[in-house]
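Counting along the sequence shown from 1, when you hit position 11 you're at 12 in my numbering, and nothing is skipped either side. Backbone N, C-alpha and C fix where the C-beta goes; we use that ideal spot for every residue, glycine too. If you're wondering where the values come from, they're calculated on a predicted model, not measured in any experiment.
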Amino acid sequence: MTRWTYASGLLMAVMLLMSGCGSSDGDDRLQIEVGEWFVNPEPGPLNPGRFTFDVHNSGQLTHELELYRQVGDYQEYEIVEIEDIGAGETASFSAQLNPGMYELICTIVERRADGTVMDHYALGMKALITVEDR
Ligand SMILES: [Cu+2]
Numbered sequence: 002m003t004r005w006t007y008a009s010g011l012l013m014a015v016m017l018l019m020s021g022c023g024s025s026d027g028d029d030r031l032q033i034e035v036g037e038w039f040v041n042p043e044p045g046p047l048n049p050g051r052f053t054f055d056v057h058n059s060g061q062l063t064h065e066l067e068l069y070r071q072v073g074d075y076q077e078y079e080i081v082e083i084e085d086i087g088a089g090e091t092a093s094f095s096a097q098l099n100p101g102m103y104e105l106i107c108t109i110v111e112r113r114a115d116g117t118v119m120d121h122y123a124l125g126m127k128a129l130i131t132v133e134d135r
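Next up, the structure:
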């Protein structure tokens, strides 16, 4: 093993640990936190496989989380949606991720009585996920 492959293997192991992978029930688990106005962390490049996302809402407002697969610049396919994750609640979903680009987003848009609009996605509730064979 060359020094380079050792170093990149070590880096990969650290990244897997940081993204919460390596559970015993088959799926790799990703711990995702949502709130005003973020989806964290933006997972590092993942190997293809089946993942369980544990989504915790640490914010003050209700949020949701949808997983989209990006195809081209404009087309996206929704894969999974969890609606109405209340403040302090945790919800989970599982999905098969194949090589490609994905996005985790909250699509809630609230119109208030005074006419202002709160678009959670535009305010920053998005995280990109790259899945690639390595
Ligand atoms: Cu939201």
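Closer than 6 Å to a non-hydrogen atom of ligand 1 - does that hold for the CB of I109?
Yes; taking the cut-off as 6 Å, the Cβ of I109 has a heavy atom of ligand 1 nearer than that.
Coarse secondary structure for S24, derived from DSSP in three states:
Residue confidence is low: S24 scores 43 on pLDDT, short of 50, so the model does not pin down where it sits. Its coordinate-derived value is still stated next. When DSSP states are grouped into helix, strand and coil, S24 belongs to the coil group.
Reducing DSSP to helix, strand and coil, say where D120 ends up.
D120 falls in the strand class under three-state DSSP.
Indicate the three-state DSSP secondary structure (helix, strand or coil) for A92 in the structure shown.
Correct three-state label for A92: strand.
Sequence-distant residues of the same chain with beta carbon closer than 7 Å to S25, five excluded per side:
Low per-residue confidence applies at S25: pLDDT is 46, beneath 50, and the placement is therefore not dependable, though the value from the model is reported in the following sentence. Once the five neighbours on either side are set aside, S25 has no close Cβ partner at all.
Leaving aside the five residues before and after E79 along the sequence, list all residues of the same chain whose C-beta is less than 7 Å from its C-beta, in chain order.
Counting only Cβ-Cβ distances below 7 Å, and skipping sequence neighbours, we find E67, Y69.
Candidates E43, R113, H64: closest to G36 by CA position:
Residue H64 is the option with its Cα nearest to G36.
Ordered along the chain, which non-local residues of its own chain (more than five positions away) have a Cβ less than 7 Å from that of E112?
A small fix is needed here, since residue 112 is Arg in this sequence, not Glu. Answer for R112: V118, listed in chain order.
Please list, in chain order, all residues of the same chain as M102 whose beta carbon is under 8 Å from its beta carbon, the five residues on each side excluded.
If the five residues before and after M102 are omitted, its C-beta is found closer than 8 Å to the C-beta atoms of R70, Q71, L129, I130, T131, V132, all from its own chain and listed in chain order.
Identity of the residues DSSP links to E104 by a beta bridge
Answer is Y69, L129.
Would you say the beta carbon of M119 is closer than 6 Å to some non-hydrogen atom of ligand 1?
No - ligand 1 has no heavy atom lying nearer than 6 Å to the Cβ of M119.
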